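See structure below.
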Amino acid sequence: MLRGEDPELLSREYGVTLADINLWRDQFIESGTDGFKRKPDDSRLGAAERKIGQLQMELELTKKKNELAAKLKRK
Numbered sequence: 001m002l003r004g005e006d007p008e009l010l011s012r013e014y015g016v017t018l019a020d021i022n023l024w025r026d027q028f029i030e031s032g033t034d035g036f037k038r039k040p041d042d043s044r045l046g047a048a049e050r051k052i053g054q055l056q057m058e059l060e061l062t063k064k065k066n067e068l069a070a071k072l073k074r075k
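Numbering (my numbering), first residue to last: 1 to 75.
This is the structure:
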């Protein structure tokens, strides 16, 4: 695209939106090749977010299990 290729043709060819192509181009122009590199903290952050989600689900299930057990004891 930096060599003059039509962004719309690239969008169709690779099956991505024109907005994404323009965003990627702008990021590249702003940051060069470093703009596409993942930062080491990104993967750790993602892993931490997944763990938090897992723990939240486990907590909710435990709460529901305890509520059900308490109801069954009352009967």
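Each residue gets a CB set at the ideal place from its N, CA and C atoms; glycine is no exception. Since we're looking at a predicted model, the values are computed, not measured.
Asked	Found
What are the start and end residues of the alpha helix (DSSP H) that includes Leu9?	7 to 14
Please return the same chain residues whose Cβ sits closer than 8 angstroms to the Cβ of Met1, not counting the five positions on each side in sequence.	Pro7, Leu10, Ile21, Arg25
Quick check: what's the CA-CA separation for Gln54 versus Thr62?	12 angstroms
Between Glu67 and Ile52, what straight-line distance do the alpha-carbon atoms span, to the nearest angstrom?	22 angstroms
Quick check on the DSSP output: the alpha helix (DSSP H) that includes Asp34 runs from which residue to which?	Careful: Asp34 lies outside any alpha helix (DSSP H) and carries neither H nor E.
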